[in-house]
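Take a look at the structure set out below.
Protein chains: 2
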Amino acid sequence: MKIVLIGAGNLAGHLGPALKKNGHSIEMVYSRSKGSAKKLAANLKCAFTSKVTDLPTEADLYLLALPDHVIPGFLKELSFIPACIAHTSGSVELSVFRTRFKNCGVFYPLQTFSKNRKVDFKNIPICLEASNPKTLALLKKAAAISKNVVRMNSAKRKKVHLTAVIVNNFPNLLFSLADDLLKEEKLNLDLLRPLILETALKVQNNPPFQMQTGPARRGDAETLKSHRKLLSDNKTVKDIYNLLSKTIENKYGPLL
Amino acid sequence: MKIVLIGAGNLAGHLGPALKKNGHSIEMVYSRSKGSAKKLAANLKCAFTSKVTDLPTEADLYLLALPDHVIPGFLKELSFIPACIAHTSGSVELSVFRTRFKNCGVFYPLQTFSKNRKVDFKNIPICLEASNPKTLALLKKAAAISKNVVRMNSAKRKKVHLTAVIVNNFPNLLFSLADDLLKEEKLNLDLLRPLILETALKVQNNPPFQMQTGPARRGDAETLKSHRKLLSDNKTVKDIYNLLSKTIENKYGPLL
């Protein structure tokens with residue numbers, strides 16, 4: 029397929045090479061930032077532009093890897109109707125394309141993308157939604173970069189995006205808060221890094237419900253009390269500690 | 029060294045083989061449960077007992093891998109004073125040994141141990157505390173199974189244990205809550221497993237503060253609102269969502 033990449037951020041930077049490797053032709057990279065477009069285009073050996081009016085009109089798929097709030101504005105600027113257009117957002121509804129774009133869809137890869145980390149798209153679930161069977165078939169061709177492709181509507185995808193926040197953004201915040209506490213003791217997060225990794229590895233093959241451990245899980249009131257005491261001057265972490273411990277206690281019920 | 033293992037749970041089950049592999053001799057395994065003691069002893073090809081009075085009195089090190097609340101009772105039952113005795117708990121103070129056991133210490137491996145998962149002790153930080161230099165030297169010999177050994181007192185270790193709860197128990201709860209939400213949609217946690225793993229891998233070489241992403245981080249009020257709406261019937265997750273999102277917003281300040 030001939031694909032035009034709209035966006036040159038982390039996601040586009042990972043998606044472009046993966047699509048190219050799978051035999052697709054990246055026709056052009058667009059970004060409001062000419063520098064970003066140029067850099068990614070150099071990597072993909074394709075054309076680039078920072079002007080919507082310069083986009084080729086004959087490509088098979090226009091893939092939007094843009095920040096959520098920029099999507100409506102970009103669509104307004106687009107003066108032609110592409111053969112097929114899709115965005116990659118977890119939380120933007122398909123209806124953003126309104127009735128103007130007949131062949132439209134969503135291509136949402138469920139992963140966190142960073143500049144300096146390679147990811148293997150084979151292992152990244154891709155959630156698809158399409159306005160019609162023809163568009164779905166076309167998006168499936170692009171999604172063949174992953175071995176886990178799931179079709180779902182906008183409401184379901186929004187809920188999945190919420191769970192992604194819960195397992196990615198929130199644990200990362202907790203790592204950051206733990207890092208702060210260690211720094212107070214002049215200790216380094218390296219102390220916890222193996223534990224952080226093992227925690228994630230454990231649930232790769234096990235249900236997290238069964239993997240739960242810790243003072244709240246075993247009803248260890250003494251340890252809970254002593255942790256709260258350590259946090260008496262840190263309202264932020266104390267509130268989080270109390271709420272999450274209470275949630276664990278409620279989830280597992282009293283130990284007998 | 030001649031080591032007696034007190035306890036036959038997950039930690040003892042991992043610690044015993046690692047110590048043996050490093051050239052130490054496991055003299056005996058003790059557990060209140062004869063079955064557990066027998067099973068681990070068979071694995072270590074050593075003696076076992078469920079009676080405190082049967083313990084050999086001449087070993088170099090008695091290593092307690094017992095639940096926190098059981099430690100004081102076990103020490104009371106012990107009718108002789110070992111050459112050296114140490115517990116493996118993050119939150120029990122060295123003073124649990126009181127003045128009775130002169131050569132006492134703490135040997136706290138910072139990891140989560142499960143029955144069916146192999147762990148490489150080389151990568152597991154071990155926190156040491158000892159009542160005197162001779163005991164410290166002896167514990168260091170045992171701790172040579174790890175390449176990351178850190179000396180710290182009971183107060184510091186308790187804080188480290190608190191951070192371990194924050195990066196292990198709490199993220200696992202979040203995985204479990206996300207799993208529940210996916211089940212409501214008849215979806216599987218496999219959708220999130222690659223994301224969970226990547227989240228942990230990202231902070232292995234980066235400070236979590238710099239890795240933070242998500243709607244709260246970028247001040248995306250619309251997504252935050254739509255997630256809250258999705259959780260309107262789920263007070264437990266909504267409270268957690270609000271508290272952690274607010275904490276991220278406060279940590280990074282308003283985006284300009």
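These protein sequences, in sequence, are chains A and B. Residue numbers for the first sequence follow the working numbering, beginning at 29 and rising by one. Residue numbers for the second sequence follow the working numbering, beginning at 29 and rising by one. Note that CB positions come from ideal geometry on N, CA and C, so glycine has one too.
Within 8 Å, strictly: CB atoms of residue i and residue j
i	j	result
proline 222 of chain A	glutamine 139 of chain B	yes
leucine 156 of chain B	valine 188 of chain B	no
alanine 65 of chain B	phenylalanine 76 of chain B	yes
proline 236 of chain A	serine 254 of chain B	no
threonine 20 of chain B	asparagine 131 of chain B	With chain B running from 29 to 284 in the structure shown, residue 20 of chain B is simply not present.
serine 142 of chain B	asparagine 38 of chain B	yes
leucine 271 of chain B	isoleucine 268 of chain A	yes
serine 287 of chain B	lysine 186 of chain B	No statement about residue 287 of chain B is possible, as the shown extent of chain B runs from 29 to 284 and does not include it.
lysine 67 of chain B	serine 78 of chain B	no
alanine 114 of chain B	valine 134 of chain B	yes
glutamate 29 of chain B	lysine 169 of chain B	The residue you asked about is not glutamate; residue 29 of chain B is methionine in the sequence shown. Yes, these two residues count as a Cβ contact at 8 Å.
aspartate 96 of chain B	serine 123 of chain B	no
isoleucine 194 of chain A	leucine 202 of chain B	yes
glycine 44 of chain B	leucine 83 of chain B	no
histidine 42 of chain B	valine 147 of chain B	yes
Own chain partners of residue i with C-beta closer than 6 Å, once the 5 adjacent residues on each side are dropped
i	result
proline 137 of chain B	Ile152 and Ile154
lysine 175 of chain B	Lys150
glycine 173 of chain A	For the sequence presented, residue 173 of chain A should be read as isoleucine rather than glycine. Counting only Cβ-Cβ distances below 6 Å, and skipping sequence neighbours, we find Ala46, Asn50 and Phe149.
leucine 190 of chain B	none
valine 265 of chain A	Leu205 and Leu259
alanine 111 of chain A	Asp88
arginine 256 of chain B	none
arginine 179 of chain A	Leu156
aspartate 69 of chain B	The identity of residue 69 of chain B in the sequence shown is alanine, whereas the question assumes aspartate. These residues qualify, in order along the chain: Val57 and Phe76.
lysine 279 of chain A	none
glutamate 121 of chain A	Ser182
aspartate 207 of chain B	Leu217
phenylalanine 125 of chain B	Cys132
Cut-off 7 Å between Cβ atoms - residues of its own chain near residue i, not counting five sequence neighbours on either side
i	result
cysteine 74 of chain A	Ile54, Glu55, Met56 and Val57
valine 231 of chain A	Met239
asparagine 181 of chain B	Glu157
serine 10 of chain A	This structure cannot speak to residue 10 of chain A, because chain A is shown only from 29 to 284.
serine 59 of chain A	Gly35, Ala36, Ala65 and Ser78
alanine 171 of chain B	Phe135, Ile154, Leu156 and Val177
alanine 192 of chain B	Gly118 and Leu138
glutamate 250 of chain B	none
Cut-off 8 Å between Cβ atoms - residues of its own chain near residue i, not counting five sequence neighbours on either side
i	result
isoleucine 276 of chain A	Gln240, Gly242, Ala244 and Arg245
leucine 210 of chain B	Asn216, Leu217, Leu219 and Leu220
arginine 128 of chain B	Leu103 and Ile109
isoleucine 99 of chain B	Leu92, His115, Ser117, Val120 and Val124
threonine 85 of chain A	Phe108 and Pro110
valine 80 of chain A	Tyr58, Phe102, Glu105, Leu106 and Ser107
Which ranges does the beta strand (DSSP E) cover as unbroken runs of at least 3 residues, wholly within the region 77-112 of chain B, from first to last along the chain?
-> 89-92
Residues of the region 198-209 of chain A with a CB closer than 7 Å to any CB of chain B: list them in chain order, please.
-> Phe198, Pro199, Asn200, Leu201, Leu202, Phe203, Ser204, Leu205, Ala206, Asp207 and Leu209
Take every Cβ of the region 33-47 of chain A, pair it with every Cβ of the region 85-97 of chain A, and state whether three or more of those distances are shorter than 8 Å.
-> yes
Say whether the region 210-228 of chain A touches the region 219-239 of chain B, bearing in mind that this needs 3 or more beta-carbon pairs closer than 8 Å, one atom from each stretch.
-> yes
Counting Cβ pairs, one atom from each stretch, are 3 or more of them under 8 Å apart for the region 39-49 of chain B and the region 98-111 of chain B?
-> no
Of all the residues that make up the region 118-150 of chain A, which are near chain B by a beta-carbon distance shorter than 8 Å?
-> Ser119, Leu138, Gln139, Thr140, Ser142, Arg145 and Val147
Residues within the region 254-267 of chain B neighbouring chain A, beta-carbon criterion of under 8 Å = Ser254, His255, Leu258, Leu259, Thr264, Val265 and Asp267
Could you please tell me which residues of the region 180-192 of chain B, in chain order, have their CB closer than 7 Å to any CB of chain A?
-> Lys184, Lys186, Lys187, Val188, Leu190, Thr191 and Ala192
The region 76-93 of chain A: which residues have C-beta closer than 7 Å to a C-beta of chain B, in chain order?
-> none
Interface residues of the region 215-231 of chain B facing chain A [CB-CB below 8 Å] | Leu215, Leu217, Asp218, Leu219, Leu220, Arg221, Pro222, Leu223, Ile224, Leu225, Glu226, Thr227, Ala228, Leu229, Lys230 and Val231
Compile a chain-ordered list of the residues in the region 43-67 of chain B whose CB is closer than 8 Å to at least one CB of chain A.
-> none
Length-filtered (3 minimum) beta strand (DSSP E) runs lying within the region 144-169 of chain B | 154-158
Beta strand (DSSP E) runs contained entirely in the region 160-222 of chain B, provided each spans 3 or more residues | 177-179
Which runs of the alpha helix (DSSP H) fall wholly inside the region 220-279 of chain A and span at least 4 residues, in chain order?
-> 221-230, 236-239 and 249-258
Which of the residues in the region 158-179 of chain B, read from start to end, lie with their CB under 8 Å from any CB of chain A?
-> Asn176 and Val178
For the region 47-74 of chain A, which segments carrying the beta strand (DSSP E) assignment without a break, of at least 3 residues, lie completely within its bounds, in sequence order?
-> 53-58
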